[in-house]
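K.L.:
Using our numbering, read the sequence shown as starting at 5 and increasing by one per residue.
For each residue, glycine too, the CB sits at the ideal point set by N, CA and C.
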Amino acid sequence: MSEDEFAVVPEAHGLSGMIACISDQAGRPGLMILDVSSGSSTALMSVDCSWRSVPAVAPGGDRVALQGADGRLKVVSVVTDQTESIGEPIPGLVTPSWSPGGDAIMYELDATVHVVSLSGTLSKSDFAAANAAWMGDGSKTVFVADGALHAKDTWTGQTVKLTAGPDKIWGLAASRDGVHAAYVASDDDEALLRVVDVFTGETWEMRTSRGIWPWSLAWSPNGGSLAYCVGGPEARGGQRVSVWMLDARAIGADDGCEPNAIVTFVSDPRCAGLAWSPDSKAVATAARTGESGLYSVYAVDSAGGAHQLTSRGNCVLPDWGPSPI
5 MSEDEFAVVP EAHGLSGMIA CISDQAGRPG LMILDVSSGS STALMSVDCS WRSVPAVAPG
65 GDRVALQGAD GRLKVVSVVT DQTESIGEPI PGLVTPSWSP GGDAIMYELD ATVHVVSLSG
125 TLSKSDFAAA NAAWMGDGSK TVFVADGALH AKDTWTGQTV KLTAGPDKIW GLAASRDGVH
185 AAYVASDDDE ALLRVVDVFT GETWEMRTSR GIWPWSLAWS PNGGSLAYCV GGPEARGGQR
245 VSVWMLDARA IGADDGCEPN AIVTFVSDPR CAGLAWSPDS KAVATAARTG ESGLYSVYAV
305 DSAGGAHQLT SRGNCVLPDW GPSPI
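(1) With a cut-off of 8 Å on the beta carbons, I'd call residue 302 and residue 288 a contact; round off their distance for me.
(2) Ignoring anything shorter than 4 residues, give me the alpha helix (DSSP H) runs that lie fully in the segment 68-125, in order along the chain.
(3) Buried or exposed, going by whether 16 or more other CB atoms sit within 10 Å of the CB of residue 180?
(4) Tell me the rounded alpha-carbon separation between residue 23 and residue 85.
(5) For residue 1, which residues does DSSP report across the bridge?
(6) Does the Cβ of residue 159 have 16 or more other Cβ atoms within 10 Å, making it buried, or fewer, making it exposed?
(7) Can you give me the Cβ contacts of residue 222 inside the same chain, cut-off strictly under 8 Å, excluding the 5 residues immediately before and after it?
(8) Among 282, 304, 154 and 297, which residue has its Cα nearest to the Cα of residue 324?
(9) Just confirm the distance between the C-beta atoms of residue 45 and residue 80, as a whole number of angstroms; I'd bet it's less than 8 Å.
(10) Mind checking residue 211: buried by the 16 CB within 10 Å criterion, or exposed?
(11) Straight-line CA distance for residue 268 to residue 245?
(12) Using three-state DSSP, classify residue 133 as helix, strand or coil.
(13) Using a Cβ-Cβ cut-off of 6 Å (strictly less than) and excluding sequence neighbours within five positions of residue 200, which residues of its own chain qualify?
(14) So, using beta-carbon positions, are residue 175 and residue 219 closer together than 7 Å?
(15) Tell me whether residue 3 sits in a helix, a strand or coil according to DSSP, three-state version.
(16) Going by DSSP in three states, residue 253 sits in which element: helix, strand or coil?
(17) Just to confirm, is the Cβ distance from residue 317 to residue 28 under 7 Å?
(18) Does the distance from the CB of residue 234 to the CB of residue 255 come in under 7 Å?
(19) Who does residue 212 pair with in a DSSP beta bridge?
(20) Cβ of residue 155 within 7 Å of Cβ of residue 146?
(21) Go ahead and label residue 14 buried or exposed: buried means 16 or more other beta carbons lie within 10 angstroms of its beta carbon, across all protein chains shown.
(22) Are there 16 or more other CB atoms within 10 angstroms of the CB of residue 271, so buried, or fewer, so exposed?
(23) Span of the beta strand (DSSP E) holding residue 319?
(24) Below 6 Å CB to CB, which residues in the same chain sit around residue 65 once its five sequence neighbours on both sides are set aside?
(25) Could you give the DSSP three-state label for residue 310: helix, strand or coil?
(26) Helix, strand or coil for residue 159 per DSSP?
(27) Buried or exposed: which applies to residue 3, given that a residue is buried once 16 or more other Cβ atoms fall within 10 Å of its Cβ?
(28) Please list, in chain order, all residues of the same chain as residue 266 whose beta carbon is under 7 Å from its beta carbon, the five residues on each side excluded.
(29) For residue 53 versus residue 36, is the C-beta distance shorter than 7 Å?
(30) Leaving aside the five residues before and after residue 321 along the sequence, list all residues of the same chain whose C-beta is less than 8 Å from its C-beta, in chain order.
(31) Looking at the ligand GTP, does it come within less than 6 Å of residue 215, judged from the CB to the closest heavy atom?
(32) Mapping the DSSP letters down to three states, classify residue 55 as helix, strand or coil.
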């Protein structure tokens, strides 16, 4: 096995929850739901997808949000396979993000953040920002404006500036425990990974490769780990990619804090990101399988164990949430 392939662990993985991904369905892209524990999968036929539709599993696991093939925002019931279309077609590709309470969806287009409320009448609010993310229980959002990081109270609209700036910021992720925000910035030499404590303002920083995928930053649900991807040279029609993990508990420790490279594989930035399991044990990603050229969904744990979760056709853009039942 070459160094850019997974060493797949054959034993039972002991993982659970539900993964939504885009997969081959009779030669067309479609939404697939995978029960991680049993390995069984179901195709949801009520929604038309494209290979650029990025699924987002609702906090309860009962719904999936994505942008349909017609450009409109869709909410699909996992249990009934019924789809609700929201609003008009969006003139660009977007990635939806559920609020922690499951009552709103946020997406960004052309440096404007749109928040769609799903409670009662469908209402939408907008504000000028980039890289917005829900924080903690959803009472705050963090975002980038004027080259600095800001936190906004969801209910009052009050905004607090977290960093002095100005920085060139390319990606942002907020922890679900409401403590940390991580982002990727760049200077004239290389990329910087920074983690900010939103309460104290303390910042941890390290230089990293310019190959880092800023959109891949992902906090574990328990707030204990930050995972991200770093892309390398081209390989077999894709790109060599490494998954790195940072132990957030070591940030600020006297003996320092360094992320660890967990695994390396071949993937494509258009097909893969990282999605944590609900129990914070592993991340899901899409990667090429051997010499077939097909993409499968894998689960990777912090010890470097990799488990192939799908085996037929292409399966890309996975998101991981709880099982709805």
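P.N.:
On the basis of the coordinates in this document:
(1) 7 Å
(2) none
(3) buried
(4) Between residue 23 and residue 85, the C-alpha separation is close to 15 Å.
(5) For the chain, the structure presents residues 5 to 329; residue 1 sits outside this window and is missing.
(6) exposed
(7) 177, 230, 231, 232, 277, 278, 279, 280 and 287, listed in sequence order.
(8) 282
(9) Contact doesn't hold; Cβ gap of about 15 Å is too wide.
(10) Exposure of residue 211 is indicated by the presence of fewer than 16 other C-beta atoms within 10 angstroms of its C-beta.
(11) 5 Å
(12) coil
(13) 166, 185 and 207
(14) yes
(15) Nothing in the structure corresponds to residue 3, since the chain is present only between 5 and 329.
(16) helix
(17) yes
(18) no
(19) Answer by DSSP bridge pairing, in chain order: 195.
(20) yes
(21) Reliability of the predicted coordinates at residue 14 is poor, the pLDDT of 45 falling under 50, and the value obtained from them is presented with this limitation in mind. Flag for residue 14 reads exposed.
(22) With 16 or more Cβ atoms within 10 Å of its Cβ, residue 271 is classed as buried.
(23) 319-325
(24) 22, 325, 326, 327 and 328
(25) strand
(26) coil
(27) One cannot answer for residue 3 here, as it falls past the ends of the chain, which runs 5 to 329.
(28) 247, 248, 249, 304, 306 and 308
(29) no
(30) 25, 26, 57, 58, 59, 275, 276, 277 and 290
(31) Among the components of this structure there are no ligands whatsoever, and the ligand GTP is therefore not found.
(32) coil
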